[in-house]
Amino acid sequence: MTVEQGREVVLGGGDVTEGVVRVGETVRRPLRAHSSAVHGLLRHLELVGFAGAPRFLGIDEQGREVLTYLEGEAPGRPLPEYAATDDALVGVARLLRGFHDAVSLYEAPADAPWDTAFTTNVDDPPELIGHCDVTPDNVIFRDGVPYGLIDFDLARPTTRLFDVVNTLRTWAPMADPADREPVFRRLDADAVGRRIRRFCDAYGLPHDQRRRVLAVARLRFERSHESMRARAEHLGGGWARMWRDGVGGRIRRAQDWLDLNWDALDARLV
Ligand SMILES: Nc1ncnc2c1ncn2[C@@H]1O[C@H](COP(=O)(O)OP(=O)(O)O)[C@@H](O)[C@H]1O
Ligand SMILES: [Mg+2]
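Numbering-wise (the numbering used here), the sequence shown opens with residue 17 and increments by one.
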């Protein structure tokens, strides 16, 4: 496609991708090995009319993917108050559910090159293509309401439950108070447990799945320590930066926090 004449505005905020820019109503991002898999997914979401994801418009003359720009803002860090409310949490849960329902019938090509190297997963058979990175950097809010998911780089076959747990990690949050966003530091385990429940209710997670949330979180923490280390070592860039910044220690502390507060959290779940 033809590059529109327009100013390129650098979009910061993400941890990993260098060179994300906005040009008019589009976003340009460098292509990676998994991009064609993501493009197939975005095309499916467009086909079924899911409004909460960018449209894939093609490849520009510099070999970058061209996506629609979603108007609004990713709350990012430090997390603003408006994104830490129960209403925002409920909105994220509904958005994730809408995405899962929209993607559940997608039959990806068997050889789609999802980014599965060094990723964390659970052992359950995959049910759908999950987003796998629904953090405050990757959710677009408009008028205080979450309505869009961006950055599908980690999308891959997984389960609904894994994607729910992964999302709860930053939104509940499931983390040691010292490592949380300031707005979440004051929440005790009881309050976090309530937020997990609120999320599960809004998502519509069945009770048998809900009972597995903490166990899947524990498994995820165990495995993500190793996968983050491997990404830092083999992929470098933003992954290496996150590792140097101490993400490994944060994962370990989250694990300890989860174990220490297991009963209080569990009591709130069902
Ligand atoms: N399609 C989009 N619409 C609106 N904002 C976007 C879009 N894509 C990226 N951004 C903005 O750019 C930031 C970084 O882009 P992202 O694709 O998340 O890169 P990274 O892989 O580094 O996380 C996002 O946090 C968001 O603020
Ligand atoms: Mg991002």
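Beta carbons: idealized from backbone N, C-alpha and C, even for Gly.
If I follow the unbroken beta strand (DSSP E) through residue 27, where does it start and stop? Position 11 of the sequence shown, counted from the first residue, corresponds to residue 27. No beta strand (DSSP E) contains residue 27, which DSSP labels as neither H nor E.
Worksheet entry | Buried or exposed by the 16-neighbour rule on C-beta atoms within 10 Å, applied to residue 50 | As a first step, residue 50 must be located in the sequence shown, where it is residue number 34. Taking a 10 Å sphere around the C-beta of residue 50, we find 16 or more other C-beta atoms and assign the residue as buried.
| message | Please output, in chain order, the residues near ligand 2 using a CB cut-off of less than 6 Å to any non-hydrogen atom of the ligand. | response | Per the Cβ criterion, the list is 30, 153, 154, 167.
Nearest-angstrom Cβ-Cβ length linking residue 176 and residue 116, presumed shorter than 8 Å:
Counted from its first residue, the sequence shown places residue 176 at position 160. Counted from its first residue, the sequence shown places residue 116 at position 100. The C-beta distance from residue 176 to residue 116 rounds to 5 Å, short enough to fall under 8 Å.
* Within the present structure, is the beta-carbon of residue 247 separated from the nearest heavy atom of ligand 1 by less than 7 Å? -> Numbered from its first residue, the sequence shown carries residue 247 at position 231. Checking the Cβ of residue 247 against ligand 1 gives no.
Does residue 197 come out as helix, strand or coil in the three-state DSSP assignment?
Within the sequence shown, the letter at position 181 stands for residue 197. Here residue 197 sits in coil by DSSP.
**Message:** Given 7 Å as the limit, tell me if residue 90 has its C-beta closer than that to any heavy atom belonging to ligand 4.
**Reply:** Absence of ligand 4 is noted for the structure shown, with ligand 1 and ligand 2 being the only ligands found.
Which residues in the same chain have their Cβ closer than 7 Å to the Cβ of residue 214, if we skip the five residues on either side of it in sequence?
-> Taking the sequence shown and counting its residues from 1, one reaches residue 214 at position 198. Taken in chain order, the residues that qualify are 102, 105, 106.
Worksheet item: Can we count residue 122 as close to ligand 1, meaning its CB is less than 7 Å from some heavy atom?
Response: As a working note, residue 122 is residue 106 in the sequence shown. Because no heavy atom of ligand 1 lies under 7 Å away, the Cβ of residue 122 does not count as near it: no.
Worksheet item: Comparing alpha-carbon positions, which option in 65, 109, 78 lies nearest residue 121?
Response: As a position in the sequence shown, residue 121 is number 105, starting the count at 1. Comparing Cα positions, the closest option is 65.
TODO: Kindly give me the distance between the Cβ atoms of residue 73 and residue 138, rounded to whole angstroms, as I take these residues to be in contact under 8 Å.
DONE: By one-based count along the sequence shown, residue 73 stands at place 57. By one-based count along the sequence shown, residue 138 stands at place 122. Between residue 138 and residue 73 the Cβ distance is about 34 Å, and since that is not below 8 Å, they are no contact.
- Going by the C-beta, is residue 85 closer than 7 Å to any heavy atom of ligand 1? Start at 1 with the first residue of the sequence shown, and residue 85 comes out as number 69. Yes, the Cβ of residue 85 comes within 7 Å of a heavy atom of ligand 1.
**Message:** Using the Cβ count rule (16 or more neighbours within 10 Å means buried), how would you classify residue 61?
**Reply:** Locating residue 61 in the sequence shown gives position 45, counting from the first residue. Flag for residue 61 reads buried.
- Is the region 183-191 touching the region 200-210, taking contact as three or more C-beta pairs under 8 Å? Yes, the region 183-191 is in contact with the region 200-210.
_Could you tell me the alpha carbon to alpha carbon distance between residue 194 and residue 173, rounded to whole angstroms?_
Along the sequence shown, one-based indexing puts residue 194 at 178. Along the sequence shown, one-based indexing puts residue 173 at 157. In this structure, the CA atom of residue 194 is about 32 Å from the CA atom of residue 173.
Original post:
With which residues is residue 46 paired in a DSSP beta bridge?
Top reply: Residue numbering aside, residue 46 sits at position 30 when the sequence shown is read from its first letter. Beta-bridge pairing by DSSP links residue 46 to 80.
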